[in-house]
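Reading through the structure tokens given below for one structure.
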Amino acid sequence: MPAIKLAKQVEVPEGMILLSGPLEHDNIVNGDGLRAVLWTQGCPNHCLGCQNPETWDYNAGMLVSIDEIIERLSKFKGQTGLTFCGGEPFVQARACREISERVRKEFGWDVWSFSGFTYEMIKEFGGEPWEFLKSLDALIDGPFILKQRDLSLRFRGSKNQRLLKLEYGSGRILNIE
Ligand code: SF4
-14 MPAIKLAKQV EVPEGMILLS GPLEHDNIVN GDGLRAVLWT QGCPNHCLGC
36 QNPETWDYNA GMLVSIDEII ERLSKFKGQT GLTFCGGEPF VQARACREIS
86 ERVRKEFGWD VWSFSGFTYE MIKEFGGEPW EFLKSLDALI DGPFILKQRD
136 LSLRFRGSKN QRLLKLEYGS GRILNIE
């Protein structure tokens, strides 16, 4: 079987990230605890029934420096973690990883991410996407599949998606929900 090709990454200058919307705080629907949320721009997955198709375009959104993101996040008090939503965070893997490592180190937060790719695909991509995954505590993986939509699931939209708890640093799966 041919290796899965590395997902086309959004081209942004080093130290920058392309966002699709403003940073959120006090969010309780995108992970455990009280969370800040970062919405990335650009998604190659194009799931039928996606609620945010305006986030697909690799050339739209707002280019923001990572230093500015950290500065803005530092003003959010009482948060337990940060969640990356999209768009597809793994097509800006280098920038997301840098933010992930910094909020862990500087604020003591845990870090979650959504992805339309599966854990197995990200592992196969290797490179920056896999390095970003290794910086996480949890991944909600897989595309949104309209036919499998289930509103009763925690943090997920369709039955195929999994909530994977990960070992920081290795990417090892600790628990699957
Ligand atoms: S991965 Fe997410 S943002 Fe991308 S098309 Fe699917 S549901 Fe929409």
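Residue -14 is where the sequence shown starts when you use the working numbering, and the numbers rise one by one after that. Ideal placement from N, C-alpha and C gives every residue a C-beta, glycine not left out.
| Item | Value |
| --- | --- |
| CB-CB length for TRP24 against GLY66, believed under 8 Å | At roughly 15 Å, the Cβ-Cβ gap does not stay under 8 Å, so TRP24 and GLY66 are not in contact. |
| LEU131 versus GLY101: straight-line alpha-carbon distance, rounded | 13 Å |
| Contacts around ALA78, its chain only, beta-carbon distance under 8 Å, and the 5 residues preceding and following it disregarded | GLN(-6), GLY112, GLU113, PRO114, GLU116 and PHE117 |
| Span separating the alpha-carbon of TYR104 from that of TYR153 | 14 Å |
| Any non-hydrogen atom of the ligand SF4 within 7 Å of CYS35 CB | yes |
| Where VAL14 falls, given that 16 or more other Cβ within 10 Å makes a residue buried | exposed |
| Same chain, Cβ closer than 6 Å to GLY166, neighbours up to 5 away in sequence not counted | Here the chain covers residues -14 to 162 and nothing more, so residue 166 does not appear. |
| GLY101 CB to nearest heavy atom of the ligand SF4 below 7 Å | yes |
| Which listed residue (LYS90, ILE125, PHE92 and GLY63) has its alpha carbon closest to that of LEU19 | GLY63 |
| Proximity test, GLU105 beta-carbon vs the ligand SF4 heavy atom, cut-off 7 Å | no |
| Straight-line gap, LEU151 to MET47 (C-alpha atoms, nearest Å) | 30 Å |
| PHE129 CB to nearest heavy atom of the ligand SF4 below 7 Å | yes |
| Assigned secondary structure, PHE99 (DSSP; H/G/I helix, E/B strand, else coil) | strand |
| Residue from ARG57, PRO(-2) and GLY127 whose Cα sits closest to the Cα of LYS144 | GLY127 |
| Cβ-based burial, GLN198 [other Cβ within 10 Å; buried from 16] | Residue coverage of the chain in this structure runs from -14 to 162, which leaves residue 198 outside it and unanswerable. |
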